[in-house]
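Quick note: the sequence shown uses our numbering, first residue 255, plus one each step.
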Amino acid sequence: MSHVFPRHTKASLPVAAKGDGCYIIDKSGKKYFDGSGGAAVSCLGHSDPDVTRAIKDQIDNIAFAHTGFFTTDPAEELADLLIGAAPGRLDRVYFVSGGSEAMEAALKLARQYFLEKGEPSRHRVIARRQSYHGNTLGALATGGNQWRREPFSPLMIETSHISPCFEYRGRREDETAYDYGQRVANELETEIERLGPENVMAFVAEPVVGATAGALPPVEGYFKRIREICDRYGVLLILDEVMCGMGRTGTLFACDQDGIAPDILCIAKGLGAGYQPIGAMLCTADIYQAIETGSGFFQHGHTYIGHPTACAAALAVFKKLTGGVAGRVMPMGDKLQAALTDAFGQHPHVGDIRGRGLFRGIEIVEDRASKAPFDPKRGVNKVLKKAAFEAGLICYPMGGTIDGVTGDHILLAPPFIMEDAHIGEITDKLATAFKAAF
Ligand code: PMP
Numbered sequence: 255m256s257h258v259f260p261r262h263t264k265a266s267l268p269v270a271a272k273g274d275g276c277y278i279i280d281k282s283g284k285k286y287f288d289g290s291g292g293a294a295v296s297c298l299g300h301s302d303p304d305v306t307r308a309i310k311d312q313i314d315n316i317a318f319a320h321t322g323f324f325t326t327d328p329a330e331e332l333a334d335l336l337i338g339a340a341p342g343r344l345d346r347v348y349f350v351s352g353g354s355e356a357m358e359a360a361l362k363l364a365r366q367y368f369l370e371k372g373e374p375s376r377h378r379v380i381a382r383r384q385s386y387h388g389n390t391l392g393a394l395a396t397g398g399n400q401w402r403r404e405p406f407s408p409l410m411i412e413t414s415h416i417s418p419c420f421e422y423r424g425r426r427e428d429e430t431a432y433d434y435g436q437r438v439a440n441e442l443e444t445e446i447e448r449l450g451p452e453n454v455m456a457f458v459a460e461p462v463v464g465a466t467a468g469a470l471p472p473v474e475g476y477f478k479r480i481r482e483i484c485d486r487y488g489v490l491l492i493l494d495e496v497m498c499g500m501g502r503t504g505t506l507f508a509c510d511q512d513g514i515a516p517d518i519l520c521i522a523k524g525l526g527a528g529y530q531p532i533g534a535m536l537c538t539a540d541i542y543q544a545i546e547t548g549s550g551f552f553q554h555g556h557t558y559i560g561h562p563t564a565c566a567a568a569l570a571v572f573k574k575l576t577g578g579v580a581g582r583v584m585p586m587g588d589k590l591q592a593a594l595t596d597a598f599g600q601h602p603h604v605g606d607i608r609g610r611g612l613f614r615g616i617e618i619v620e621d622r623a624s625k626a627p628f629d630p631k632r633g634v635n636k637v638l639k640k641a642a643f644e645a646g647l648i649c650y651p652m653g654g655t656i657d658g659v660t661g662d663h664i665l666l667a668p669p670f671i672m673e674d675a676h677i678g679e680i681t682d683k684l685a686t687a688f689k690a691a692f
């Protein structure tokens, strides 16, 4: 009998025994193409020799040193490289162990920034209904995913949620994509006015929405308007690139494609590519200086922040990404989108195929014309996940609720090292899954 506490107590899972490039091989020898990198994690696949060597070298020197006493070379070098590549005025990096921790650090830093600045009433967070920012209580409270929030709601801080930028579901026929983006962005201004600008601390958003909406990119101009509104009211813009960052959408940071920069940026998954658990929060010089000239101490911290082995792994990942691997994402992503559209664009139950780079989502509907989703009780996304898994393809399923509509979708986030031949493997195995599901 297993003593591991699993995600699903009734699930019986194969044992992952080996990683080989884009594949995971289980104990029975069955091979799975990792079409979602778990949850958009394994951007370099599963057996990168440079990353594993960097981890071994670091452990041979020193595996761990507490940040209360020491800094380390990999943490310093990685922070320099990240800031060299980061947009806008981002200037400092705070290393944590994952995405939720990065979000918690972001929220607490935003709060402390306003306390140091003498604006103690600023504490309210605004986010979007279609969003997920992590499973710890602060991050969970920030996200708009009802299914995840509801059971825990009395425990959580109060957050306002405005509409997401979800063109497929939200744009009216009489408006352009641009006008739609402006309309939903303007909801931020309305909400700030309603709460009183002196009470609002931050607006939080994923540039390309991952787990709750299947690789949902914003329309052009949306984030520019969001940035304007934040600037106008002195509200911090926190971008959650935990899933969509680190080259996943074709640029190192997803927001690069929207022509804006945040005040605080969170990254994780692709940062360590799964070789080590690591996340990071980046903040501007202004925010850092408010702490530096104020109390001089960010009142936060976890035992494993700035973990040297995790930083060494992420440093090796970063060098590989910027040394050429990230450059593969945009062209390969375009080919994947074309192949998915070719294979499933006319499928009676496919409503939308979308995304950026190697971050692609397929939204499943019962009826294409009305965009009506399937009854959530059918669990279509789970059926598809299972059928794809049996066919040897890992894809990430999700059923998200937005304004009363539950949509099923599957997310694809394959390794950046994938080759052209893998595209056919993905579409063939997905086709098998679709046949089994419908
Ligand atoms: N933010 C986003 C956008 C995510 O997709 C996730 C994880 N799916 C998180 C935060 C939380 O990250 P973690 O699971 O590493 O805590």
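Beta carbons are placed, not taken as given, at the ideal position from N, Cα and C, and that holds for glycine.
Counterpart residues of residue 538 in DSSP-defined beta bridges: Taking the first residue of the sequence shown as position 1, residue 538 is located at position 284. Note: residue 538 is bridge-paired with 344 in the DSSP secondary-structure output.
Separation of residue 563 from residue 580, as counted between CA atoms: In the sequence shown, the residue the question calls residue 580 occupies position 326. In the sequence shown, the residue the question calls residue 563 occupies position 309. Within the model, the alpha-carbon separation for residue 580 versus residue 563 is close to 23 Å.
The ligand PMP heavy atom lying under 8 Å from the CB of residue 288: Here residue 288 corresponds to residue number 34 of the sequence shown, with the count starting at 1. Answer for residue 288: no, Cβ out of range of the ligand PMP.
Residue 426 in three-state terms, based on DSSP: Taking the first residue of the sequence shown as 1, we reach residue 426 at position 172. DSSP places residue 426 in coil when its eight states are reduced to three.
Sub-9 Å separation of residue 457 and residue 379 beta-carbons: Taking the first residue of the sequence shown as position 1, residue 457 is located at position 203. Taking the first residue of the sequence shown as position 1, residue 379 is located at position 125. In this structure, residue 457 sits near residue 379, with a CB-CB distance shorter than 9 Å.
CA-to-CA distance, residue 515 to residue 509, given in whole angstroms: Along the sequence shown, one-based indexing puts residue 509 at 255. Along the sequence shown, one-based indexing puts residue 515 at 261. Going by the C-alpha atoms only, they are around 7 Å apart.
Burial state of residue 683 (16 or more Cβ within 10 Å): For the purposes of this step, residue 683 is taken as residue 429 along the sequence shown, with counting starting at 1. Buried: at least 16 other Cβ atoms inside 10 Å.
Rounded C-alpha distance that separates residue 492 from residue 387: The residue you call residue 492 lines up with position 238 of the sequence shown. The residue you call residue 387 lines up with position 133 of the sequence shown. Between residue 492 and residue 387, the alpha-carbon positions lie close to 11 Å from each other.
For residue 612, the three-state DSSP class (helix, strand or coil): Indexing the sequence shown from 1 puts residue 612 at position 358. In the structure shown, residue 612 sits in coil (DSSP, three-state: anything other than H, G, I, E or B).
Check whether residue 418 and residue 384 have beta carbons under 9 Å apart: Position 164 of the sequence shown, counting from 1, holds the residue named residue 418. Position 130 of the sequence shown, counting from 1, holds the residue named residue 384. Result yes, Cβ atoms of residue 418 and residue 384 sit closer than 9 Å.
Own chain, CB closer than 7 Å to residue 445, minus 5 neighbours either side, in chain order: Reading the sequence shown from its first residue, position 191 is the one you call residue 445. 380, 414 and 416, listed in sequence order.
Three-state secondary structure (DSSP) of residue 286: In the sequence shown, the residue the question calls residue 286 occupies position 32. Residue state, collapsed to three classes: strand.
Which of helix, strand or coil DSSP assigns to residue 417: On the sequence shown, residue 417 is found 163 positions in, with the first residue counted as 1. Correct three-state label for residue 417: coil.
Backbone secondary structure at residue 520 - three-state DSSP: Position 266 of the sequence shown holds residue 520. DSSP places residue 520 in strand when its eight states are reduced to three.
Outcome for residue 615 when other beta-carbon atoms lying within 10 angstroms are tallied against a minimum of 16: As a position in the sequence shown, residue 615 is number 361, starting the count at 1. Buried, because 16 or more other Cβ atoms sit within 10 Å of the Cβ of residue 615.
Limits of the beta strand (DSSP E) - the one that residue 571 falls within: Counting from one through the sequence shown, the residue named residue 571 turns up at place 317. Going by DSSP, residue 571 is part of no beta strand (DSSP E) but of the alpha helix (DSSP H) stretching over 562 to 576.
Cα-Cα separation between residue 362 and residue 554, rounded to whole angstroms: Numbered from its first residue, the sequence shown carries residue 362 at position 108. Numbered from its first residue, the sequence shown carries residue 554 at position 300. Near 8 Å, if we compare the C-alpha coordinates of residue 554 and residue 362.
Pair within 9 Å by beta-carbon distance, residue 390 and residue 351: On the sequence shown, position 136 is the one that residue 390 refers to. On the sequence shown, position 97 is the one that residue 351 refers to. At least 9 Å separates the beta-carbon of residue 390 from that of residue 351.
Extent of the continuous beta strand (DSSP E) run through residue 380: For the purposes of this step, residue 380 is taken as residue 126 along the sequence shown, with counting starting at 1. Start and end: 378 to 382.
Which residues DSSP lists as bridging residue 274, in chain order: The count along the sequence shown starts at 1 and reaches residue 274 at position 20. Its beta-bridge partners are 277.
Status (buried if at least 16 other CB within 10 Å, exposed otherwise) for residue 557: The residue you call residue 557 lines up with position 303 of the sequence shown. Its Cβ having fewer than 16 others within 10 Å, residue 557 is exposed.
Beta-carbon spacing of residue 651, residue 664 below 9 Å: Walking along the sequence shown from the start, residue 651 turns up at place 397. Walking along the sequence shown from the start, residue 664 turns up at place 410. Yes, these two residues count as a Cβ contact at 9 Å.
Near the ligand ZN: residue 348 beta-carbon under 8 Å from a heavy atom: Ligands displayed in this structure: the ligand PMP; the ligand ZN is not among them.
Beta-bridge pairing of residue 726 - partner residues as DSSP gives them: Lying outside 255 to 692, the shown extent of the chain, residue 726 is not represented and no answer is given.
Other residues of its chain near residue 393: CB distance less than 7 Å, five sequence neighbours each side excluded: Looking up residue 393 in the sequence shown gives position 139. Cβ-Cβ distances below 7 Å link residue 393 to 354, 357, 358 and 387 in the same chain, with the five nearest sequence neighbours on each side left out; the list follows chain order.
Cβ neighbours of residue 273 in the same chain (closer than 6 Å, five flanking residues each side left out): To locate residue 273, count along the sequence shown from 1; it is residue 19. If you ignore the 5 residues before and after residue 273, its C-beta comes within less than 6 Å of the C-beta of 300 and 301, all in its own chain and listed in chain order.
Distance cut-off 8 Å: residue 389 Cβ against heavy atoms of the ligand PMP: Here residue 389 is taken as the residue at index 135 of the sequence shown, counted from 1. Because some heavy atom of the ligand PMP lies under 8 Å away, the Cβ of residue 389 counts as near it: yes.
3 or more residues per run - each beta strand (DSSP E) lying fully within the segment 450 to 481: 454 to 459, all fully within the segment 450 to 481.
Among 286, 403 and 260, nearest to residue 669 - alpha-carbon criterion: The residue you call residue 669 lines up with position 415 of the sequence shown. Residue 669 has its Cα closest to that of 286, out of 286, 403 and 260.
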